[in-house]
Structures are given as C-alpha cells and as structure tokens.
Amino acid sequence: MYRFLLSLALFLLPTSLYATHQVRFVSEIPIEKPLHVASDKDGNIYVTSKDPAVLVYSRDGKLLRTIQVKDSEGDPVLKKPTGIAVYGDRIYVCDRSKDRVAVFSKNGDLLDTLGEGGSGSKQFSYPEGIFVYQGIVYVADYGNDRIQAFSDSGVYLQTIGRAGLGEELLKSPTDVAVDSRGNIYVVDGDSRQVKIYRQDGGYAGKIAGTVKPFSLAMTEDGLFVTDIENYNISKFNFKGERFFSFGTLGSGKVQFKELWGIAADSNGRVYAVDTDKKTLQIIEVDRPATSELPLNVAPPTSVQWVRAVNQSAGKIAWDRKNGILYGIDSDKKSIVGLKNEQVVKNFNIKDVNPGSVAVDANGMLWLFDKESSQLLKLDQDGKLLLSVGASGSREGYFSKVSDILISKEGLIYVADTRNDRIQVFNPDGVFMSAFTRGTGASLLESPISIDQDFKGNFYVLLGSRGSVVVLSPTGEPVGEFGGKASGVLKLEEPIALAVAGNELMVLDAGSSSVKVFTLLGEYKREFGAKGVGKGDFRKPESISVADFNRFFVSDSGNARVQEFIATYTAAPPRGIAATAGMRSINLSWKGHDDPFVDSYRLFRKKSGEADYREIAVIKENSYKDSDLLPDVSYSYRVSVRIKSGNESISVESAVAVPLKFTPKPPTSLKAESQEWSVDLSWSADAKAYIDHYTIYRNSEKDGSPILIGTTKDLFYTEGGLDSFKAYTYLVSAVSIDGVESERVPVNISTIVATRPPLEIDIIEMNDIFSNTYKIYENEGIGKVRLTNNTRNEIVALKLAFTVKEYMDFPTEVEIKSLPPKQATDLTLKAVFNNKILDVTEDTPVQTELKASYFENQKQHSFSRNNTINLYEKHRMMWTNKDRVATFVTSKDPVVLEFTRSVVTQYADIGSPLVYAAAIYDYLGLTGMTYLQHPNNPYQIVEGKTNFVDYVQYPRETLKRNSGVCTDLVVLFAASLEGLGIKTMLLGTPDHLFIMFAVGPVSELGDSTMNGMFAIHDGIVWVPFEPTMVGSSFMKSWEAGSKEYYEWKEKGIEITDLGKAWGRYKPATLAATEWRAQSAKRGDIDSRYTSEMVKLNKMKLKYTSNRYFAQINSNPSDGNAYHQLGIIYGEAGELDDAGKYLAKAQSILPTSAEIANNLGNIYYLKKDYASACQSYEKAVELDSSDPYILVNLSICYLKMDKREQATEIFRKAAGKDPALLKKYKSVAIELLGSM
C-alpha cells in the first residue's frame, strides 16, 4: 500500500566548500521485494522486484501496472531482475539468472532480449546495472568484470574495463551511468570506487569518498552514489568533488537499513530503494543545474540493426543503380537479388558455378565462374554478354578468383588469389595491368578481398598473412596493417573488407565481428559477436557497402543477410582558439579530414548569460565573430555535424574579450565656402564601427578648438557665418566605443554676400472685410514665400504677422526646417480684436511681417511691411456668393421679435407656407419698398469683377423699410431661418431670389402642383420673388416659381445657407432698443383678402394628394383615409376630418388609433359625449396605451364625471408615471398633488 507522509525538510551542511543544501522527504511507497529503480520524463517510477516483476507507479505513488511476461513456452521472461533503465518508449531490465537483458515496451510487451550466459562478446555473467545514453545501452557485467555497450537494436559495440593495468581494470562492477559529456561512471565492487572511463573506453580517473558504493544516479550537474555501509547517499560533481550527503541508519524519514538501487530526475527528486524496510523513499533535493553545454556530447559511433533476410549467401555485391543486393547461393549455384526483404532476382547459368560477384554502374553483373575459371559479364536477367580469360597463370588468366572490384571509372579489378596478384581489365574485358607487389620485398600473397577509397587508393586483404595492404591508385605499396599483431590490431580470420567513407571495415570470421580501422590502419572500434541474435554472426562470408552509412553482411552459418546502418560520431572539435580583435573575435580549430562531416555549429555565451546560443553554421574550421561589445567576455564552443549521424560538441571552450575600436582619422578633408557658410567633406578608410565625426572650429579669441557639431555623414555644413572672413576647422572620427581619432585641420575663407540670407516675398495680400473677420483666423488674408538663400538648413524659423491696431498679438508660424536654396509658402492668418467692428468707412491699414531664427547662438531677423484696405461691415464681393451668409442674422433679436409677432397670429393654420406669406404680406402692408440697384453686380460678367457691394443687415432693412434685391433676400432668409424654416438663395447672372422648404418629399409627395413647387435634394421648396413686395404672396410665389424653372435648365446657382454659415458665420450686431412695428392679423387679412385661407387649403390639397391617389387606386385603403383625417384635423377642417376618420373606422374597425383620433375630432367640436364613446372604444381595443386613457379622463372631466375621470387618470399614471409631469394641471385637479 502506498502512503504519503508529512514532508520533512532537512538542511544539510556540505562536506565540501559549497553552500548549504536542502533535502526534503516527500513520500514513501511500500514495496514487498524492491531492488532497483528508474524514472521517466513523465514522472513515472519503475521498480524491479524479486517476485520477479517490474512495478510501474505514477508520480503520486499509484500502482499503474505490473510487468510479468511469459515467453512462448510459458516460462517467465524475468527470473531474477536487477538493474533497470528507461529510455524513450522502452524499458531495459537486467536478469542475473538468465544472464541477459529483456526489453519491454512501456505497456509491458516484450520487444526483444539481449545476450546470453558466457564470457564472450554479448554474453553476461550476473548483469547487475544498466544505463542508456542517447540510444547506447551500457550493461554492468558483474561476473565478467566489464561494461558492455550495445546499440538499442542489440548490436554489440564495445567492452570497457578489460584493457590496461591495475586500477584501469574493472572488478565486479555493480552499476554504470553516463554524463552529458559522454563519460562513463562505473561502481567497481572490488576496489569500492567509482571509476570513470572515456567514450572510447580509456580510463579517465576515479571518485573516492564512499566506503562501499553500490548504485549510481545521474543528473545534469552531478552523480548520486549510494554508500551501503554508511547508509547514506552522496552527490558529486563531475570533478569528483562531493556536493553533499544525506541519510543515516534508521527506520525514519531519509534513513535507511539496506540501501540498494537509486534513481534521480531533472526535477530534483531522488528515488531510493531500501530492501530491508521494503520501501521506496522519494526525497527532494536541490533542483539540478542545467549543463553549461548547449547540447549533450554525442555517443560513440554505433551500428543499428535494420533487418535480416533469410537467404543463404556467400559473396554479395550492391547494385547502386537499381538498389538490389546480389548474392551467390553456393549450395544452389545460383545468383539471387534481394530488395526490401524480398527475392526479386533468382537465376542459374548453365554449367556455371559462381564464386564472386560485382555490379558495374550500369547494373551489369560480373561473375567469376569456378568451373571454367572465367570472368563473366551478365545482364540483369542473367544473359551472358562477355567471357574473359581461362585457368592459368598468364596475364588475363586466373587461378581461384576471390573478389571482384569495379572502379568508378569502370575498370575491373580481380583478386587472382592463387596467382598472388590483382589483375586489371577495361569494361570490354581487355587486360590492362596487374598489381603483384606488397610492402617491402613481399608479394601480394593470396589476395582475397579488394576495395577502393574516395582518393583512389586500394585496400587488399591478404589471406596468407591475414593483413591489409594499402596500394596507391597506380598500384604502388603504401602500407600494411593487421595480421598476427597483438591487441586490437589483431585479425584472427579476416575474410572480406569494404571501404565506407574514411573507414575500412574488415569482416573477421575468427571473432565473428566487424573491425573498423581508419584508412591509415588505426583501430577505431568493433561490432558484432558470435551468435544468432541481431548483429550476431556464426559464419560470416562477405560485406558490401550500399551508401556511406548503410551496409550488408552475409552469414551462411545463420543462412541470412543482415542490413545495418552506422550512426557516425566524429571526434569533438579540438584546439579551439579565440583571438580578440577590435569588436570581433577570430575563432579557429582543428578541422576534420572526414567526408562524412557536413558542417560545424558555433555557440556563444556572453558573460552574465546562462546559456550558449547558436551563432553560425559553417563548412570551414574558422570563423570571424563580428559586431561584438568591447570589454565583454565571450565564451565559445564548437560542434561538428555528420551526415545522417550524431553531432559532437566540444567539451573545451575558448574565451576572448574584444578590443575597443580605434578609428583612423578622416582623409582627403576639403572645404568650400559660400557667402555665409562653409561646406566640409572628407573620406574614411573604413566606416564600420564609426559612430560619428566631430567638427571643431578654432576660437576667434585664443585659437582653441570649439566643438561646433557632429555628423554621421562624410560632410558637414556650418551656416550663419560672417561673409568674407577666414576660419580654421578640424575634423575627427569617433568610434561607437567612444574612441576619437586624430583631428585633421583645414583653412577656408567665406566669400562676399550679394543678397540677404532669408527673403520674404508677398505672393498675395487680400483686403479685409470686417463683417467676416472670423474667417481670417482659419483661412488667412494672404500668402507669402520665404526663401532660404543660404546653403544651410534654417531650423525653428518663426514668421510673425500683424495688422496694427486691429490685432492684440501677432500670429506666429514656426517652420521646423527650411532646407538650403529652398522656399516655402505660408498662409497669413489673423485674429482680430473688437475694434474692427467699429470701422465705419473703408480704411487703408498697415501690415507687418517679421521672420527670425537662431544660428550659431545668434538671432537673425528680417521684416517687411504692406498696405491693404479694411472694409466696413456692410461690404462684400460677389466673387464668392457664400459670403452673403454673414448678413443673414437669423438670431438677431430685432428680426426674431418681428417674425414671431407676425406668425403667432396664424398659429391656428400655421405652416411654413402660411408663415412665409404672413411675413411677406405684412412687409407689403407696412410699405416695404424694393429699390433698384444702380450698380447691381449680377449685371456684370460673373467672376471678372472685384466690385465691392454694399449689403444691409435685416434689422437695417426693417428700419429703413426699403432695400435693393440683396437686402430683401437677406431679410426674408433671416426671418424664415429664425423660425426654423430652411432657405436657399437662388442666383441667376443678373438677379437673386429665394426659396424655402415646406417639407420632405417622403411626407408631401413629389408633385410640383403644375410648377408651383420645386423638388430639390428630397425636399419640397417654394421659390418666390421678394422684390415684388407689396403685391400678394401668391403673385410673388408664381413669379419665383416661373423664374426657377426658367433658369433650372440653364444653370441656376443655389446657395445653401446652412453650409455657407460653416465658413461665413452670421455677424454679431450691437444691441439696440429699436423694434419693428407689431403686426395685426386683421390688417393683413383686410388687404390680402382670404389669402391665408387659400394658402392653407392649397397646402391641405398638396399634402393630401398622395392619399387621394391611394384611395383612387384602392378604395378600401383604410390607412389613407386615416391619414386624410389627421391632415384635415390639423388644418382645422374638422367636419371633413371626422368624415375621413369615420370611413377609416368602417374599414379598420379594430384600430385603437383611429378610434382615438376620431374622439379627438369630436372633442375639438365640443361633442364630449361622442368623444367619450370613441375614447372608450379605443381603450377597449388597446388598454395598454396610457395616452388614450388620458384623453378619456380629460373628456370625462369636461362632462363633469370627476370620479370616473380620476379613476381613468390614475390608471394612465400607473402605466406611465411620466404623465404626472406631462399633464401636471390635470394631475393636480384630479389627484390633488403630484
């Protein structure tokens, strides 16, 4: 049962000079017979048990599964499991009883077994510990005193701990682990030490300090070691220094009675097995620090088993063109072709007993026939194309051919074994030459295998001596290795060889392995073992390379051909050197003479940074790292990448500190002068890392240099100088590191000036109309042009403009930059004070322009004056007719009181049409007179005059009771706009009149009533002629409409006052006590008999036409009748309104709105009984409308039914409390209060 215990934190003092470390007990899992432990990256825990089984727990201690697998015969796969390792999706378990390693999936399925009992390669005696590093499996072979290494596919790769003397040898290893640098740590049970080996198996040192170490656990920054006699666990760094220890003898937390297996993860958890307490303790320590290496050191070159094809074959050869492996089946005397585990070719040749085979670049087969001693050429289907030679010793004859090689040039090399030579033939079978001499005075005795490297050198395996002879491309002896030598160079029974890149693989039947050498004969590694498993051999026959890392080995003893892939690892780059330069570091290292090398990766870490970062991927073995910061330390590492292989990172690093950049002084310094400036220019040998250039000018007082500016360009201009004067300048370069070069001098004198540095030209200066003085704040009164005549930029240039007496402050414009020899145009804006409104006659005024700027700490100023006219407030020019809007003072109290005194008398029949007629007729009644203008600007060609006209304000026209055309138009426009009636001014080349809006087309329809109305922008308008004042409004209307339609096609000019006011605001006039005479409706009606009634009916007819048209189209259109009732009711025609509403009700009897409106008509006619009946019916049809209830309440009140009125009003207020305020008087009367 799993149990969690309270966490216990222990602060342990280290045994070395490191800081205090925290150790915290997390939990404890009871396990009956635990042994060894491992964990995966997901936090799952794997424990081997004596049961035998593998127990899998979750991170929180829940048992997930138990792995107890049986083999095909029903026997348990595990008998005495010990060490365990988890890598990827595989679980590796050592078995002391069965002397092997079992491989499971994480689901518990048996995937493979590795090894058997014994002392040979891939044989074990009590395997105890296991570790997997980047796919390489390391096993502590306790009984055989060694560590064996395998690829994850089971191919034997290496033995560690059996070479050397003394402490270099292993004795009874119990556990193994590998760090991120590839170093191998082994617990030596006999010497009670942790020994360290390099990847190649060489002894590197040891870690002491534990009495009796037994198990290991590796982290990113160190190694945990159990001490089973001291009952504790120590952590060491990779230098062998102890970080800290924890644990004592006991039964409590972080106490042990019999420590056994341990594991550790990257989160700082340590898992410790106690076989006596029968528990697994989970203990948290400091989270391990990440490795300073940007990537782990790659594992050694390994060989992966790919597949095996069950096909007996002797000699084999690879067809590169077609991807087929050809082999000789000696028993059947046939040729077989294999592809993807399938036999795709299989043929016999009559009377031919093939002994050797090769394939040329065209896919043609070359065989040696042992029966006829001939060299045969066949096509891919076995058809004989050519036969060469016969049995004998002469040139072109053979005596037991053991191997055939076809070079990339197509030449055929034949290992003529019994004739002690290599014969060379061209593709047509013609004898070319023979190689017969070995090293020294010896012959090529019994050559049995041959291959060629990428440089053209030949490698010949001699069967007589068991050695390899190296020949130059011309057949000259170069060297010899192997044979009966002792140690790793010894070849026991070599039978074949093959070149793979820069390596030579020798198939040794004596050791049942493949031994790998450099092309110079240096031993590198070995793989394979005697047996029947993956990568094992019983009677190997031949080896053939397909690609640089893929090859095949035929094994007649196991009747199969195995395919392998080599995963290469180049030696880490060495000899890394870093040399500091100015803001750069030059890197170099020893290159690799290896065709498999693809590229180098460079990593850099700046001081203060935690991690290395990739900076470049290159092919060469040198690199210049530029754009670095000076006085900052940079550390570098280099990795080498292999094609389809591993990446090896350098353990060594190189450090350098870049120097500050010291620039060279400017060259070719030149100076050119102008009137007020000097232009400097120069050259620079190198612009990189130059931040700027500094420019000095010698002081006029003492000649000392004064800094006048800096620039990033190769030129500089100083302006604001005095003309015709001598100056001395100095220029230097400053690097981005702040280092200044020497200063280079130059002398120059400015030339005599013939014009001012800054010129002011007036482009346009308009006269001022005081009535529109506000427009000049935005649009200005003119334009000027400022020209910079210097060759320097003028910055922060200010232009001030003022009109004396009429502006309190000048208006200023700032120009941020005026380039040399450039000009800019500016609008002159003016903010006038109130004095401008006091001008009573046209007056000339003085303007002033003043431009100023600072240069070289000195102010420069230039000014200009100009005279313009200031017009008094009645003046305007018709070049822009929108300007007349300023005279339309619709909010003038004089005008407002006048118009309201007139229209309020016609409120009963009020409409825009009636109101306009009432105002017009009243003005006629008062004797308003139209005066003919002697100089009307409309009589002059429009747009070709600057004539200044005089326009009266509406109050002045009212007071004078007369005006010209413009004055009357302005008066009527102001009067109607003051009532909210939209107006527009209509202009023809010789006249001005007006039109006003009566309503939208959407409500009134689009009929013009025989040309009386105008339709414009979706609105119905009434054009009329104000100059006919005194006649009836109808005549003025008719005249205006006629004139509108006469000029509509010719092109009438329309001024929208609403838009014009956006630019020309109405003038603000001084207050006055004068008011126009009040009007009386009776006086108007007596003179213009019944005109208002006619106009009202005309308006009524106009507004109702659309609904009559709808009724003609559909006599049952109740809504049309309803709208007619509303229109006639609003016009005061109550009888007709009642008639139309009654008709509407007969068509739409369920309409509460119609019933309510019919009640309104009865109420207005004071027929309160009928009104109440209609309101009651409306309430019956729609009781939710509070306004119908209010109408009914008021009607009851009129009929003196107060109690009913109160009840109904209370209901209405309940539905809408806002009615209490809206009908305040009714509420007070009925309810007594609000």
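Residue numbers (my numbering): 19 to 1252.
Glycine is no exception: its CB is placed at the ideal position from the N, C-alpha and C atoms.
The beta carbon of D900 is closer than 7 Å to those of T1073, A1078, R1081 and Y1082 in its chain, skipping five residues each way along the sequence. Close CB contacts of L855 within its chain, under the 7 Å cut and outside five residues either way in sequence, are with S788 and K891 (chain order).
Within the DSSP secondary-structure output, S753 pairs in a beta bridge with I708. Under the 10 Å beta carbon count, R655 is surrounded by 16 or more other beta carbons and is classified as buried. Annotation for F262: the continuous beta strand (DSSP E) segment containing it runs R260 to F264. Within the model, the alpha-carbon separation for V821 versus V831 is close to 15 Å. If you draw a straight line from the Cα of L298 to the Cα of V157, it is about 23 Å long.
Boundaries of the alpha helix (DSSP H) around P972: P972 to R978. Comparing alpha carbon positions, the residue from M382, F386, E359 and F262 closest to P372 is F386.
In the three-state reduction of the DSSP assignment, Y174 falls in the strand class, which pools E and B. D1074 is bridged by DSSP to M1002. In this structure, V571 places its C-beta atom within 8 Å of the C-beta atom of P558. Taken in chain order, the complete beta strand (DSSP E) segments of 3 residues or longer contained in the segment 637 to 712 are 640 to 643, 652 to 660, 665 to 667, 672 to 674, 685 to 691 and 696 to 701. The DSSP-derived three-state label of V155 is strand.
Spatial neighbours of K230 in its own chain (CB-CB distance under 7 Å, excluding positions within 5 residues in sequence) are listed in chain order as R210, D245, I246 and E247.
For I346, there is no enclosing alpha helix (DSSP H); the residue is part of the beta strand (DSSP E) that begins and ends at I342 to D347.
Taking a C-beta distance under 8 Å as the contact criterion, G981 and L949 qualify as a contact pair. According to DSSP, residue pairing for W384 in a beta bridge involves A376 and K395. As far as DSSP is concerned, R918 takes part in no beta bridge. Taking the Cα positions, L234 is about 20 Å away from Q40. Distance from the Cα of L277 is smallest, within the candidate group G286, T266, R164 and N285, for T266. Per DSSP, Y415 lies in no beta strand (DSSP E) and is assigned neither H nor E.
Using a Cβ-Cβ distance cut-off of 8 Å, the segment 882 to 889 and the segment 858 to 866 are in contact, since at least three pairs of beta carbons, one from each stretch, lie closer than that value. Below 8 Å, enough C-beta pairs join the segment 981 to 999 and the segment 906 to 914 to call them touching: three or more. With fewer than 16 other beta carbons inside 10 angstroms of its own, F733 counts as exposed. Taking C-beta atoms under 8 Å as the contact rule, I708 and P683 fail to qualify, at a distance of about 11 Å. For R483 against E510, the beta-carbon gap comes to about 13 Å, at or over 8 Å, which does not count as contact. In its chain, beyond the 5 residues on either side, A326, V327, N328 and Q329 have a beta carbon closer than 7 Å to the beta carbon of R578.
Cβ atoms of A1170 and D1200 come within 8 Å of each other, at about 4 Å. Straight across, the Cα-Cα distance linking Y791 with D985 is about 21 Å. In terms of Cβ geometry, F449 and G400 do not form a close pair [threshold 8 Å]. The beta carbon of P1041 is closer than 8 Å to those of L1004, F1011, I1012, M1013, A1032, W1055, G1058, S1059, E1061 and Y1062 in its chain, skipping five residues each way along the sequence. V315 is positioned such that its CB atom lies closer than 8 Å to that of S198. Cα atoms of D69 and R114: separation of roughly 14 Å, rounded to the nearest angstrom. For K1229, the enclosing alpha helix (DSSP H) stretches over residues R1220 to K1233. In its chain, beyond the 5 residues on either side, Y1120 have a beta carbon closer than 7 Å to the beta carbon of M1027.
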